[in-house]
Amino acid sequence: MAGGIQGGDQSVSLDLLKLKMANFAKERDWDQFHSPRNLLLALVGEVGELSEIFQWKGEVPKGLPDWKEEEKVHLGEELSDVLLYLVRLSDICGIDLGKAALRKVELNAIKYPASNTKNGIAESG
Numbered sequence: 001m002a003g004g005i006q007g008g009d010q011s012v013s014l015d016l017l018k019l020k021m022a023n024f025a026k027e028r029d030w031d032q033f034h035s036p037r038n039l040l041l042a043l044v045g046e047v048g049e050l051s052e053i054f055q056w057k058g059e060v061p062k063g064l065p066d067w068k069e070e071e072k073v074h075l076g077e078e079l080s081d082v083l084l085y086l087v088r089l090s091d092i093c094g095i096d097l098g099k100a101a102l103r104k105v106e107l108n109a110i111k112y113p114a115s116n117t118k119n120g121i122a123e124s125g
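The letter at position 62 of the sequence shown is residue 62 when you use full-length UniProt numbering, and the numbering goes up by one with no holes.
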């Protein structure tokens with residue numbers, strides 16, 4: 001993977017991304033800048049860039065069938081920026097993001113049981 005861009009159909013784990021981001025920062029001596037605050041602010045900036053892509057499009061159907069390929073590539077890049085900063089932030093904070101996310105899904109299942117939803121919207125008790 002060194003020196004090139006890797007593609008393909010392989011599954012990518014959060015642990016692999018965490019390792020890649022840690023190595024990327026270390027190779028550039030950027031660890032000194034990767035405080036939780038700085039990473040959070042960078043993440044917020046990337047979420048803003050992601051938002052700009054959708055800002056004036058209104059509602060769009062799943063799969064983005066009317067989007068040009070270059071728009072989808074750009075979207076993928078911005079989604080990746082958000083993911084990578086989130087993975088790096090969780091690593092710096094000592095949070096296992098995969099475990100935390102699975103726990104949150106379980107908590108949401110308890111908070112919003114399928115039996116209490118109507119048309120996919122939680123009913124108030």
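Beta carbons: idealized from backbone N, C-alpha and C, even for Gly.
Inset, instruction - List the endpoints of the continuous alpha helix (DSSP H) containing Arg88. - result: 69-92
Legend entry - Inter-residue Cα distance where the pair is Met1 and Gly63: Model confidence at Met1 stands at a pLDDT of 38, short of 50, so the residue's coordinates are unreliable and nothing is read from them.
Legend entry - Span of the alpha helix (DSSP H), counted from its first residue to its last, around Glu52: 36-54
Inset, instruction - State yes or no: is the C-beta of residue 126 within less than 9 Å of the C-beta of Leu40? - result: Since the first residue of the chain shown is 1 and the last is 125, residue 126 is not available in this structure.
Legend entry - Bridge partner(s) assigned by DSSP for Ile121: DSSP lists Lys118 as partners of Ile121.
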